[in-house]
Amino acid sequence: MKTIYLVRHGESEINVGSIFGDDSSPLTEAGRMQAGRVAARAAHMGIDSLIASTAMRAQETASYISQTTGKNIETSPLFIERMMPSSIVGLPRTDTAARAKADLAIKVSKEGGEKIEDAESFDELADRATKALAYLESRTEDRIMVVGHGFFTRVLVARVLYGESLTPSEFAPMGWGLRTTNTGITTLQYDPEDQRAQWGMIGWNDFAHLSDSFHVHRPDEE
Numbered sequence: 292m293k294t295i296y297l298v299r300h301g302e303s304e305i306n307v308g309s310i311f312g313d314d315s316s317p318l319t320e321a322g323r324m325q326a327g328r329v330a331a332r333a334a335h336m337g338i339d340s341l342i343a344s345t346a347m348r349a350q351e352t353a354s355y356i357s358q359t360t361g362k363n364i365e366t367s368p369l370f371i372e373r374m375m376p377s378s379i380v381g382l383p384r385t386d387t388a389a390r391a392k393a394d395l396a397i398k399v400s401k402e403g404g405e406k407i408e409d410a411e412s413f414d415e416l417a418d419r420a421t422k423a424l425a426y427l428e429s430r431t432e433d434r435i436m437v438v439g440h441g442f443f444t445r446v447l448v449a450r451v452l453y454g455e456s457l458t459p460s461e462f463a464p465m466g467w468g469l470r471t472t473n474t475g476i477t478t479l480q481y482d483p484e485d486q487r488a489q490w491g492m493i494g495w496n497d498f499a500h501l502s503d504s505f506h507v508h509r510p511d512e513e
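Heads up, the sequence shown is in our numbering, so the first residue is 292 and it goes up one at a time.
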């Protein structure tokens, strides 16, 4: 049995900024606080390895987790966020043409359709999710933490629930309706001996560590 913890990065400038950003977007002050909170929680989760997206916001979040767990960060492009049109990077979100292009690219990523410039389509995202799950299956560790992104987490979960036959019509309600919180933890399990469903989800977007009343249970407190 393998357990995978998918951690969304802390709040970044691309989340709250007024321009369309890219993977160089750093964490905000709030994001660094969130990263510290999830890192404190991760220290007591017994993870065997730590993987992060190539994006700066994921790498920064993972650095906090690395410090508390002692695990080195492994970097994988399989877990990057959905790619948006590079032509809009640096433009203000109020730019009408850029906003329209972004909205169309988002729609195509969720509902399928013709690829928008170099943005990822639904088919490309579903294919990457298949490769990401195969990569996790091949790992020898039992408890793996992956620091990634909100939207791609939805794609991974949809691929887990619907399998390789995942279609845009099946994914669209999840793509539009599921929500993730910065540093929220989604937990997957992989059991190669389960003949019904080798992959399953046992937790979605757990962000209890962000509560001021959250207390990390320690074994010596029994």
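We treat Cβ as the ideally placed atom computed from N, Cα and C, and that holds for glycine.
Of the residues the options, the one placed nearest residue i, counting alpha carbons only
| i | options | result |
| --- | --- | --- |
| Thr444 | Asn473, Asp433, Glu432, Ser429 | Asn473 |
| Thr385 | Leu318, Gly308, Glu455 | Gly308 |
| Ser340 | Val298, Asp394, Met436, Ser504 | Met436 |
| Glu372 | Gly494, Val446, Gly454 | Val446 |
| Pro376 | Leu427, Lys392, Glu365, Ala449 | Lys392 |
| His440 | Ser456, Ala420, Ser429 | Ala420 |
| Trp490 | Phe498, Tyr296, Tyr481 | Tyr481 |
| Phe370 | Leu395, Ser344, Gln350 | Ser344 |
| Gly381 | Ile310, Gly494, Glu302, Leu501 | Ile310 |
For residue i, the first and last residue of its enclosing beta strand (DSSP E)
| i | result |
| --- | --- |
| Ile493 | 490-497 |
| Gln480 | 476-481 |
Start and end residues, alpha helix (DSSP H) containing residue i
| i | result |
| --- | --- |
| Ile397 | 387-402 |
| Leu424 | 413-429 |
| Ala326 | 320-333 |
Buried versus exposed, by CB contacts within 10 Å (16 or more), residue i
| i | result |
| --- | --- |
| His335 | exposed |
| Glu512 | Unreliable placement is indicated for Glu512, whose pLDDT of 36 sits below 50; the coordinate value is still reported in the next sentence. Answer is exposed; the Cβ neighbour count stays below 16. |
| Arg487 | exposed |
| Asp409 | exposed |
| Trp467 | exposed |
| Pro510 | In this prediction, Pro510 scores a pLDDT of 40, lower than 50, which makes its location untrustworthy; the coordinate-derived value is nonetheless stated afterwards. Looking at its Cβ environment, which holds fewer than 16 other Cβ atoms inside 10 Å, Pro510 is exposed. |
| Phe505 | exposed |
| Arg470 | exposed |
| Glu365 | exposed |
| Met347 | buried |
| Thr458 | exposed |
| Ala499 | exposed |
Collapsed DSSP secondary structure at residue i in the structure displayed
| i | result |
| --- | --- |
| Ala343 | strand |
| Glu365 | strand |
| Thr294 | strand |
| Gly468 | helix |
| Val437 | strand |
| Ser354 | helix |
| Ile310 | strand |
| Ser502 | coil |
Residues that residue i bridges to, as DSSP identifies them
| i | result |
| --- | --- |
| Ser303 | Leu318 |
| Pro376 | In the DSSP output, where bridge partners are listed per residue, Pro376 has none listed. |
| Pro459 | Answer is none; Pro459 lacks a bridge partner. |
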